[in-house]
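Contents: one structure, followed by commentary.
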Amino acid sequence: MNQGPRIVFMGTPAFAVASLKALIEAKMNVVAVVTAPDKPAGRGMQLQESAVKQFALANQLPVLQPEKLKAPEFLEALASYSPDLQIVVAFRMLPEKIWSFPPMGTLNVHGSLLPDYRGAAPINWAIMNGETSTGVTTFQLQHAIDTGDILLQERIPISENMTAGELHDIMMEVGANVLVKTVNGLVQKNITATPQATPSIDKHAPKIFTKDCEIDWNQDVEHIHNKVRGLAPFPGAITKVDGKVVKLFSTQKEIKTPKEAPGNFIIEDKKIAKFACKNGYLLLNDIQWEGKKRMPIEDFLRGYRAI
12 MNQGPRIVFM GTPAFAVASL KALIEAKMNV VAVVTAPDKP AGRGMQLQES AVKQFALANQ
72 LPVLQPEKLK APEFLEALAS YSPDLQIVVA FRMLPEKIWS FPPMGTLNVH GSLLPDYRGA
132 APINWAIMNG ETSTGVTTFQ LQHAIDTGDI LLQERIPISE NMTAGELHDI MMEVGANVLV
192 KTVNGLVQKN ITATPQATPS IDKHAPKIFT KDCEIDWNQD VEHIHNKVRG LAPFPGAITK
252 VDGKVVKLFS TQKEIKTPKE APGNFIIEDK KIAKFACKNG YLLLNDIQWE GKKRMPIEDF
312 LRGYRAI
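Sequential numbering of the sequence shown, starting at 12, is according to my numbering.
Written out as structure tokens, the structure reads:
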């Protein structure tokens, strides 16, 4: 039987599964899991269980799926598990009545080195802003989002061509390890919570909307390259070719004075496709034409006929 504080884990996507798995493998006393309700998905609109729910059920963990976090029946069910500690990884914003409920409080795993990149999309914005490193932070929840006292942090380097998807996968594992260290430190009482400093003015991580994905070809090629990789593989950076919307996921920079106006789409030797930018060219490794699947640029060019 697992020992230690009674833990209720809250999370929904695959990113959170790594943390839940790490807690179980570390023999932590996870007594219940809270995740999003099943949602219709796919062509048949069949109910789809969250990644966290699937993992929890496979490991015989009780699962709660509240529609409303303030619902009396959910609060009663949560209280029945008598949690000492709650852990939140990629879940919704919690009402104070929930996050303040356990004696040891509620801790969160966040995908940045707080106080920088508070918000819903820290992985994407760190890359789009050209950061060379980011990290993972565990912190104690309090009223204002992502502002609680810091427990542990670990830095992660960002290579020049790393995409948001690649960083996500690395951070998922790093975050899981930092979480286990944090819980052990809280149990052993050898972690000191540290209030957050004032965040940088230009380092925010709000939810990404379609307008954030649109490419402005009048910007430097470095900035556009960072935007493409920061939005890959989802939702994808977007522009237009021949009046049709296309998505870009993988690019290379060519720094030299362009002959063409920014935004011009250029094909060379039926092998290379690129866009002119303010100070160079953005070479395409792949593309997703409107209504088509993502494909290598070579395959696209074999069938492309300019209007």
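Here a beta-carbon is modelled for each residue, glycine too, at the ideal position from N, C-alpha and C. Quick caveat: nothing in here was measured; it's all calculated off a predicted structure.
Could you tell me which of the options sits nearest to residue i, measuring between CA atoms?
i      : options                           : result
Gly196 : Asp223, Lys270, Lys303 and Leu163 : Leu163
Gly186 : Pro16, Val44 and Leu34            : Leu34
Arg166 : Pro24, His154, Thr158 and Leu124  : Leu124
Leu356 : Pro113, Met139, Gly141 and Pro133 : Here the chain comprises residues numbered 12 to 318, so residue 356 is not present and cannot be evaluated.
Arg17  : Pro51, Lys285 and Leu72           : Leu72
Ser261 : His215, Glu279, Gly274 and Asn237 : Asn237
Asp253 : Lys282, Ser93, Ala47 and Asn275   : Asn275
Asn296 : Lys303, Lys289, Lys270 and Glu309 : Glu309
Pro210 : Gln14, Asp127, Arg316 and Glu84   : Asp127
Glu36  : Leu58, Asn13 and Thr174           : Asn13
Phe102 : Thr23, Leu259, Glu233 and Ile219  : Thr23
Ala155 : Met104, Asn172 and Lys214         : Met104
Ile278 : Lys267, Tyr292, Ile266 and Thr268 : Tyr292
Lys255 : Thr149, Leu89, Glu177 and Ile298  : Ile298
Met21  : Ile109, Val198 and Met56          : Ile109
Asp231 : Ala216, Asp280 and Phe286         : Phe286
Gly122 : Met182, Pro94 and Leu312          : Met182
Asp95  : Val41, Ile202 and Gln65           : Val41
Tyr92  : Thr221, Val100 and Leu75          : Leu75
Val100 : Gly247, Thr250, Ala62 and Glu301  : Ala62
Asp160 : Leu190, Thr205 and Asn172         : Thr205
Met173 : Val257, Arg240, Pro51 and Leu68   : Arg240
Lys304 : Leu294, Thr268, Ile266 and Gly247 : Gly247
Lys222 : Gln207, Leu242 and Val28          : Leu242
Ala69  : Gln207, Lys200, Val44 and Ser170  : Val44
Tell me residue i's beta-bridge partners as DSSP assigns them.
i      : result
Met306 : Ile298
Ile212 : Its beta-bridge partners do not exist; DSSP assigns none.
Glu87  : Per DSSP, none; premise fails for Glu87.
Arg166 : Gly146
Phe276 : Phe286
Thr262 : Leu295
For residue i, which three-state DSSP category applies?
i      : result
His234 : helix
Ile318 : Note on Ile318: pLDDT 45, under 50, position unreliable in the model; the coordinate value appears next. In the structure shown, Ile318 sits in coil (DSSP, three-state: anything other than H, G, I, E or B).
Phe150 : strand
Ile35  : helix
Gly291 : strand
Ile226 : coil
Ser111 : coil
Met21  : strand
Pro133 : helix
Glu171 : coil
Ile138 : helix
Leu58  : strand
Thr203 : coil
Lys161 : According to the sequence shown, residue 161 is Ile rather than Lys. Correct three-state label for Ile161: strand.
Arg240 : helix
Phe311 : helix
Asn188 : helix
Asp180 : helix
Asn195 : helix
Phe26  : helix
Thr268 : coil
Gly15  : coil
Would you kindly report the start and end of the unbroken beta strand (DSSP E) that includes residue i?
i      : result
Ala248 : Ala248 to Val252
His121 : Thr117 to His121
Pro51  : Lys50 to Ala52
Lys258 : Lys255 to Leu259
Leu72  : Per DSSP, Leu72 belongs to no beta strand (DSSP E) and is neither H nor E.
Ile98  : Leu96 to Val100
Ala43  : Val41 to Val45
Terminal residues of the continuous alpha helix (DSSP H) containing residue i?
i     : result
Ala69 : Ala62 to Ala69
The ligand ATP heavy atoms versus the CB of residue i: any closer than 7 Å?
i      : result
Ile219 : For the structure depicted, the ligand ATP is absent and the ligand set is empty, with no information on it obtainable.
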